[in-house]
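Participant: Residue numbers (this note's numbering): 178 to 320. We put the beta carbon where it would ideally sit given N, CA and C, even for glycine. I'd like to ask you about the structure that follows.
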């Protein structure tokens, strides 16, 4: 009798679950889709690792500052000091790398929900990639 009543009304066991699912509040994911809100915090281990790395960088900065103020004392102990040419090249390399990472991240963040790239044909994107590679190789490192 119960089964006959379910068939007549058109309800099945899956419908109440679906209705319950549709009523729950959902939040948006980073790029698209839906997911439930997180249940736990950031965690202690990542915070400890970040603190240890921050302390390591602070010590490295202190050591470099001390080495810059006492060049003669460190050279007398046998420590080598980088020439200004090497320091300049390292700073240029790290600057170019940082600029590339941050500009790529900004571009991806700006275009993450945009459909502009979906309308461009694949061969135009491939040509643009090759043009960027050629431009990177054509630039003089010394300037």
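Residue 292 to residue 284, Cα distance in whole Å?
Facilitator: Within the chain shown, the letter at position 115 stands for residue 292. Within the chain shown, the letter at position 107 stands for residue 284. Using only the alpha carbons, I get a separation of about 14 angstroms.
Participant: On the DSSP letters alone, give me the boundaries of the alpha helix (DSSP H) that residue 223 sits inside.
Facilitator: In the chain shown, the residue the question calls residue 223 occupies position 46. Counting along the chain, the alpha helix (DSSP H) containing residue 223 begins and ends at 221–246.
Participant: Which runs of the alpha helix (DSSP H) at least 4 residues long sit entirely within the stretch 238–313? Give them in chain order.
Facilitator: 248–253 and 261–288
Participant: So, under 8 angstroms CB-CB, residue 251 and residue 244 are touching, yes? Tell me the CB distance rounded to an integer number of Å.
Facilitator: Mapped onto the chain shown, residue 251 falls at position 74. Mapped onto the chain shown, residue 244 falls at position 67. Sure, about 5 angstroms apart at Cβ, within 8 angstroms.
Participant: Look at the alpha carbon of residue 304 and the alpha carbon of residue 313, and state the distance between them as a whole number of angstroms.
Facilitator: Residue numbering aside, residue 304 sits at position 127 when the chain shown is read from its first letter. Residue numbering aside, residue 313 sits at position 136 when the chain shown is read from its first letter. For residue 304 and residue 313, the distance between alpha carbons rounds to 14 angstroms.
Participant: Leaving out five residues on either side along the sequence, give the residues of the same chain with a beta carbon under 7 angstroms from the beta carbon of residue 295.
Facilitator: Here residue 295 is taken as the residue at index 118 of the chain shown, counted from 1. Closer than 7 angstroms at Cβ, skipping near neighbours: no residue.
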